[in-house]
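S.K.: Protein chains in written order, with the working numbering: chain A, 1 to 153; chain B, 154 to 384; chain C, 385 to 514.
Take a look at the following structure, please.
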C-alpha cells in the first residue's frame, strides 16, 4: 500500500516547555561542541609562539566578538542550568512531579546569573577600550573600531 | 454556532502529499469534536476517513492532533478548543488515509515488552492476591488504553521511529511494578536497549498528551532509575 | 492438579547491553562536573578576567602550575566525551539511513579522537618561551 511516513502539514506541534527545552538543549549542545573544536584549535596555536597565538587572539578583540562572547556565555550557562534541571528530573525520585517548578527555578537562576555577567562583560569592554585608547575616544568609537594594539607599544 | 474545520487529508490513490481541506459545520458548544467529524462524513463529504469505535474515551481509536496537540476526538468538546479547529493525523506513524495511521509499528513496540503476566508458580486455590498498597504502585499505568497519543507526541519518536515509545514503557512499568509478576528482569533488559527507555529526553509532551492523565514521563523515569539501581 | 509452567508466551531472557545505561548515567555525572569545570572556566576567562587582557604570558603563567594543566586537561577530556556522546545521540535520532549514520558516527569519533590527542599534546608539551 502507498503509505506515507509523515504527511507534511507544516503545522507546529504545540508541545510543552519541556519539548522546547529539549530542542534548545540540543541546539546549544551541538553549537558548543563546534565551539569546543574551534577553541582547541585556537589554543593549540600557543605552541607556535607568542606572535602566532596573539595574532590569532587579536581577531576576537572587537565589539562584535564581545557580543558573540556574551552569546557563548549565555549558551554555556543555559546548557548547564538546563542540564542540572534534567539531572533533577532524571535522578530525583520526585523530579518529574515538580518539573514545572523546576522550569521556573531554572529560568530565574539563568536570568539571575546572565544579567550581571552581561553587565560586567559589557562595561569591562568599554573600560579597557577607553583606558587604552587616546584621549577623546568615544564609546561609539569603541563599538565600531577594533581595539588599539596596546601590547606592541 | 458555526465551526470552521481545517482537516489534513491524504488519499493514497491520488495524493503524493497531504493537503488541507476546509469545512464549516453547525455545532453546539457541548458537542464533541468527533460529532463534527461525523457531521462532515455523514452529511457533507463521505470520503473523509477516521477511526472511532466506542466514542467514549475508552477504546483509544480516535487519537488525533487537534489544534496542534494530541487528543481523543471523542473526549474534547467544541467549547474547549478555539475556533477554527485544525485536525491532523497523529505524527510519526505512516498515514494510511486521512486521519487513519498504520498502528502496526506502535503495537510491535508494545509486544516487545511482553505485556502479559509472567509467573511460573501455581496460583493456588484462588486467584493471585495483591495487597491494596501493591496495587497502588501500578494504579496509574494500568489506565493505559493504547491510543498512541503519548508515543506520537514524543519529539524523539518523530525523528527516530525505532524508539520503543512512551506507551510501551508505560505498559512495561505496569508489569514491572506488579507484585504478582516475575518477568521484571526480562522487561528491564529489553528496555535497556539502544531504542529503549534511555532514549527518553524528558520533553513531557507524553504526560500532557495522555487522555487518561497518566504520569507517563514519571513512569519512564521510574524505569530508568530501576534499571540504574538494580543493574 | 499438575503444575502448569506454560503461562504466557515467554521470550528467552535477553542479555541486554549496558552501553546506553552507562552512556545515560555518564552524561549526568560528566554534566555535573562540567558545571564546575566549563562554567567555572568560562567565568574565570570571560567575566572575572577580560579576554581583552588574554595574551601569551597569561596562559604561560597559568600553565606554570600543574593544577591548571590538570584542570584544563580534565575539562578537555570531559567536554569532548560529553559532546561526542551527545552528538552520537543526536545522529542516532536524526539519521535513519544506517550507512549514512555509520559514516557520520565514524567521522564524529575520528574528529573527537584527533582533537583529544591535539589538546592533550598542547597541554603536556607547552613550555613557555618567555
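A virtual CB, placed ideally from N, CA and C, is assigned to each residue, including glycine.
Please read these numbers as outputs of a predicted model, since none were measured by experiment.
1. For residue 2 of chain A, which residues in the same chain have their Cβ closer than 7 Å to its Cβ, ignoring the five residues on either side in sequence?
2. With a Cβ-Cβ cutoff of 8 Å, do residue 358 of chain B and residue 18 of chain A count as a contact?
3. Would you mind telling me which residues of chain C sit closer than 8 Å to residue 94 of chain A, beta carbon to beta carbon, in chain order?
4. Give me, in chain order, the residues of the same chain whose beta-carbon lies closer than 8 Å to that of residue 334 of chain B; leave out the 5 immediate sequence neighbours on both sides.
5. Tell me the DSSP bridge mates of residue 189 of chain B?
6. DSSP state of residue 157 of chain B, grouped into three classes?
7. Measuring CA to CA, which of C:431, C:422, C:421 is closest to residue 120 of chain A?
8. Looking at the secondary structure, which residues open and close the alpha helix (DSSP H) in which residue 249 of chain B lies?
9. Do the CB positions of residue 210 of chain B and residue 228 of chain B come within less than 8 Å of each other?
10. Starting from the C-beta of residue 343 of chain B, find all residues in its chain whose C-beta is less than 7 Å away, skip the five residues before and the five after it, and write them out in chain order.
11. How would you list, in chain order, the residues of chain A whose beta-carbon sits under 9 Å from the beta-carbon of residue 315 of chain B?
12. Could you list which residues in chain B have their beta carbon closer than 7 Å to that of residue 477 of chain C, in chain order?
13. Taking buried to mean at least 16 other C-beta atoms within 10 Å of its own C-beta, is residue 276 of chain B buried or exposed?
14. Keeping to the same chain, check which residues put their C-beta closer than 8 Å to that of residue 255 of chain B; ignore five residues upstream and five downstream.
15. Flag residue 318 of chain B as yes if its beta-carbon sits less than 8 Å from any beta-carbon of chain A, otherwise no.
16. Can you tell me whether residue 388 of chain C is buried or exposed, with buried defined as 16 or more other CB within 10 angstroms of its CB?
17. Give me the Cβ distance between residue 375 of chain B and residue 326 of chain B, rounded to the nearest whole Å; I'm assuming they're in contact under 8 Å.
18. How should residue 131 of chain A be labelled, buried or exposed, when 16 other C-beta atoms within 10 angstroms of its C-beta is the threshold for buried?
19. At the level of alpha carbons, what is the spacing between residue 192 of chain B and residue 291 of chain B?
20. With DSSP as the reference, label residue 437 of chain C as helix, strand or coil.
21. Which of the three DSSP states, helix, strand or coil, is assigned to residue 13 of chain A?
22. Going straight from the alpha carbon of residue 20 of chain A to that of residue 13 of chain A, what length do you get?
23. Can you tell me which of A:64, A:78, A:91, A:104 puts its alpha carbon nearest to the alpha carbon of residue 381 of chain B?
24. Are the segment 475-490 of chain C and the segment 438-447 of chain C in contact at 8 Å, needing three or more beta carbon pairs?
25. On the premise that residue 305 of chain B lies in contact with residue 243 of chain B, defined as a C-beta separation below 8 Å, what is that separation, rounded to the nearest angstrom?
26. Does the beta-carbon of residue 185 of chain B have 16 or more other beta-carbons within 10 angstroms, so that it is buried, or is it exposed?
27. Can you find a CB in chain C that lies within less than 8 Å of the CB of residue 104 of chain A?
28. Should the segment 231-241 of chain B be called in touch with the segment 155-172 of chain B, which here means at least 3 C-beta pairs below 8 Å?
29. Report yes if the CB atom of residue 408 of chain C is closer than 8 Å to the CB atom of residue 351 of chain B, and no otherwise.
30. Identify the residues that DSSP records as bridge partners of residue 173 of chain B: which are they?
31. Measure how close the beta-carbons of residue 81 of chain A and residue 109 of chain A come, nearest whole angstrom, since I'm counting them as under 8 Å.
32. Indicate whether residue 369 of chain B and residue 319 of chain B have their beta-carbon atoms separated by less than 8 Å.
33. Measure the C-alpha to C-alpha separation of residue 315 of chain B and residue 383 of chain B and round it to an integer number of angstroms.
34. Does DSSP classify residue 532 of chain C as helix, strand or coil?
35. Go to residue 217 of chain B, then tell me how far its beta strand (DSSP E) extends in each direction, as first and last residue.
36. Residue 435 of chain C and residue 429 of chain C - do their beta-carbons sit closer together than 8 Å?
M.R.: Answer, in terms of the structure:
1. Any reading at residue 2 of chain A is ruled out, since the residue's pLDDT is 42, under 50, leaving its predicted position unreliable.
2. Yes, these two residues count as a Cβ contact at 8 Å.
3. By Cβ distance, chain C contributes nothing, its closest Cβ being about 17 Å from residue 94 of chain A, past 8 Å.
4. If we look at residue 334 of chain B and ignore the five residues flanking it on each side, its Cβ neighbours are 270, 271, 272, 328.
5. Answer by DSSP bridge pairing: none, since residue 189 of chain B is not bridged.
6. strand
7. C:431
8. Careful: residue 249 of chain B lies outside any alpha helix (DSSP H), inside the beta strand (DSSP E) at 248-250.
9. yes
10. Closer than 7 Å at Cβ, skipping near neighbours: 265, 266, 349.
11. The contacting residues do not exist; residue 315 of chain B stays about 13 Å from chain A at best.
12. 309, 312, 313
13. exposed
14. 246, 247, 248, 249
15. no
16. Because residue 388 of chain C sits at a pLDDT of 48, beneath the cut-off of 50, its placement in the model cannot be relied upon, and the point is left open.
17. 6 Å
18. exposed
19. 39 Å
20. helix
21. coil
22. Cα to Cα, the separation comes out at about 11 Å.
23. A:91
24. With the cut-off at 8 Å, the segment 475-490 of chain C and the segment 438-447 of chain C do not touch.
25. Between residue 243 of chain B and residue 305 of chain B a beta carbon distance of about 4 Å is seen, short of the 8 Å cut, so the two are scored as contacting.
26. buried
27. no
28. Segments in contact, yes.
29. Contact flag set, yes.
30. B:161
31. 5 Å
32. yes
33. 25 Å
34. Only positions 385 to 514 of chain C appear in the structure, and residue 532 of chain C is not among them; the question remains open.
35. 216-219
36. yes
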